[in-house]
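Visitor: Here it is, the structure, as structure tokens.
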Amino acid sequence: MAQQQWAVAVHGGAGGLPKNLPPEELKKIQDTLRTALETAGQMLEGGQSSLDAVEAAVKVMENSCVLNAGCGAVLGHEGFAELDAAIMNGKDRAVGSVAAVHQLPNPIAAARLVMEKSPHVLLVGDGAEKFAVAQGLSLKPREYFITARRKAEWQRAIDAAGSKGTVGAVALDKSGNLAAATSTGGMTNKAVGRVGDAPIIGAGTYAENGVCAVSATGHGEYFIRYTVTGDICARVKYKSEPIDKAARMVIDDLAKVGGTGGVIALDAKGNIAMPYSTPTMIRGHLKAGGASNVVVEAALP
Ligand code: ASP
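Every letter in the sequence shown is one number past the one before it in numbering that gives the first Met the number 0, and letter 229, counting from 1, is 228.
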């Protein structure tokens, strides 16, 4: 049987980048997405699983300090980062999520441990951090997550309704397995204890072999209420809709009720769709067969 051609897509959040963003920072965002894609691409080319690839891609973005995940995440109402993340393996629909964690530099790694080393699917707050430490991860001081840009955004409370920059990855490996991962600091100035869509399966993250893998970004409350990623895959599964149509319809319908954002979606054949209803979405994709397929956009609104 012919091997599946691998594919990977990543996002760095919907919304828009501030007009006054220094060009060096814009370049760093583009470089980060490219590194995330190339890291995942090399793993997939080498025969590693889509699950490993999406985790690695998200870690690159969490460590960049220029996106809304890990270091550089937006700050909540009390001025510190509160992070959510999820990972899903389309092969067996295994899931791990963490929510409202404050000191884990790579929430996606903790989510993977929840999936593989606990009988649960979602751990929150102190319990999630204690579990992750017991599994060998280390904590960072809360200051580690705070960048000058996020502090200024928070102080001005310029974007209380939704500073974006969440990260996500979806991948298809050579064995035909789909996986999805999403990691975020949520929304600027959010209430302490607020959990968004990223760690909620079927809302911000979903993967099912033979169907699709999706990672979302946008106004999380809407993505939860309208089960966005689950709905996209259900349309593909039950209506045999092409992935681009399914993803576009769900994002357009959500915008009609006031929920803006976007998704990266990948089907079992490696087709990629990246619709959004915000002015832009930071995104990129890479497929087997050459670096020329890399597309990274971080357009200013
Ligand atoms: N969806 C994320 C949340 O609501 C935010 C984002 O994508 O920017 O937590």
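Ideal placement from N, C-alpha and C gives every residue a C-beta, glycine not left out.
May I have the straight-line CA-CA distance separating V210 from A6, to the nearest angstrom?
Guide: In the sequence shown, residue 210 corresponds to position 211, counting from 1. In the sequence shown, residue 6 corresponds to position 7, counting from 1. For V210 and A6, the distance between alpha carbons rounds to 14 Å.
Visitor: Could you tell me if S96 is buried or exposed, where buried requires 16 or more neighbouring beta carbons within 10 angstroms of its beta carbon?
Guide: For the purposes of this step, residue 96 is taken as the residue at position 97 of the sequence shown. The residue is buried, with at least 16 neighbouring Cβ atoms inside 10 Å.
Visitor: Using beta-carbon positions only, say whether C232 and Y275 come within less than 8 Å of one another.
Guide: Translated into the one-based positions of the sequence shown, residue 232 becomes position 233. Translated into the one-based positions of the sequence shown, residue 275 becomes position 276. Not in contact: C232 and Y275 (Cβ atoms no closer than 8 Å).
Visitor: With the cut-off set at 8 Å, would you say I271 and H10 are in Cβ contact?
Guide: Residue mapping note: residue 271 aligns to position 272 of the sequence shown, counting from 1. Residue mapping note: residue 10 aligns to position 11 of the sequence shown, counting from 1. Cβ distance not < 8 Å, so I271 and H10 don't count as in contact.
Visitor: Is D83 close to the ligand PLP? I mean its beta-carbon at under 7 Å from any heavy atom of the ligand.
Guide: The model depicted lacks the ligand PLP and carries the ligand ASP instead.
Visitor: Output needed for G12: all residues of its chain with C-beta closer than 6 Å, excluding positions within five of it in sequence on either side, in chain order.
Guide: Mapped onto the sequence shown, residue 12 falls at position 13. If we look at G12 and ignore the five residues flanking it on each side, its Cβ neighbours are N67, K163, G164, T165, T216 and I281.
Visitor: The ligand ASP and D196: does the residue's C-beta get closer than 7 Å to at least one heavy atom of that ligand?
Guide: For the purposes of this step, residue 196 is taken as residue 197 along the sequence shown, with counting starting at 1. Checking every heavy atom of the ligand ASP against the Cβ of D196, one is found closer than 7 Å.
Visitor: Reducing DSSP to helix, strand and coil, say where S49 ends up.
Guide: Numbered from 1 along the sequence shown, position 50 holds the residue referred to as residue 49. S49: helix per DSSP, three-state reduction.
Visitor: Rank Q102, V94 and S49 by C-alpha distance to the C-alpha of C70 and give the top, closest one.
Guide: The residue labelled residue 70 in the question sits at position 71 within the sequence shown. Checking every option, the nearest Cα to that of C70 belongs to Q102.
Visitor: Which value, in whole angstroms, describes the spacing of the CA atoms of Q73 and T31?
Guide: Counting from one through the sequence shown, the residue named residue 73 turns up at place 74. Counting from one through the sequence shown, the residue named residue 31 turns up at place 32. Looking at the sequence shown, residue 73 is not Gln but Val. Using only the alpha carbons, I get a separation of about 18 Å.
Visitor: Distance, Cα to Cα, K79 vs F144?
Guide: Start at 1 with the first residue of the sequence shown, and residue 79 comes out as number 80. Start at 1 with the first residue of the sequence shown, and residue 144 comes out as number 145. Note that residue 79 is Phe in the sequence shown here, rather than Lys. Whole-angstrom Cα-Cα distance: 8 Å.
Visitor: V194 lies in the beta strand (DSSP E); which residues open and close that run?
Guide: Translated into the one-based positions of the sequence shown, residue 194 becomes position 195. Per DSSP, V194 belongs to no beta strand (DSSP E) and is neither H nor E.
Visitor: If you reduce the DSSP assignment to three classes, tell me which class V100 lands in.
Guide: On the sequence shown, position 101 is the one that residue 100 refers to. Residue state, collapsed to three classes: strand.
Visitor: In the DSSP assignment, the beta strand (DSSP E) including G12 goes from what residue to what residue?
Guide: Indexing the sequence shown from 1 puts residue 12 at position 13. It spans A6 to G14 - the beta strand (DSSP E) in which G12 sits, taken as one unbroken run.
Visitor: Roughly how many angstroms lie between the CA atoms of I250 and S214, to the nearest whole one?
Guide: Locating residue 250 in the sequence shown gives position 251, counting from the first residue. Locating residue 214 in the sequence shown gives position 215, counting from the first residue. In a straight line, the C-alpha of I250 is about 12 Å away from that of S214.
Visitor: Closer than 7 Å: is that where the CB of M186 sits relative to any heavy atom of the ligand ASP?
Guide: Counting from one through the sequence shown, the residue named residue 186 turns up at place 187. Flag set: Cβ of M186 near the ligand ASP.
Visitor: M280 lies in the beta strand (DSSP E); which residues open and close that run?
Guide: Taking the first residue of the sequence shown as 1, we reach residue 280 at position 281. Here the beta strand (DSSP E) through M280 covers T279 to K286.
Visitor: What are the start and end residues of the alpha helix (DSSP H) that includes I263?
Guide: Locating residue 263 in the sequence shown gives position 264, where the first residue counts as 1. Careful: I263 lies outside any alpha helix (DSSP H), inside the beta strand (DSSP E) at G260 to D266.
Visitor: From A84 to F222, what distance separates their C-alpha atoms?
Guide: Along the sequence shown, read from residue 1 onward, the residue named residue 84 stands at position 85. Along the sequence shown, read from residue 1 onward, the residue named residue 222 stands at position 223. Whole-angstrom Cα-Cα distance: 15 Å.
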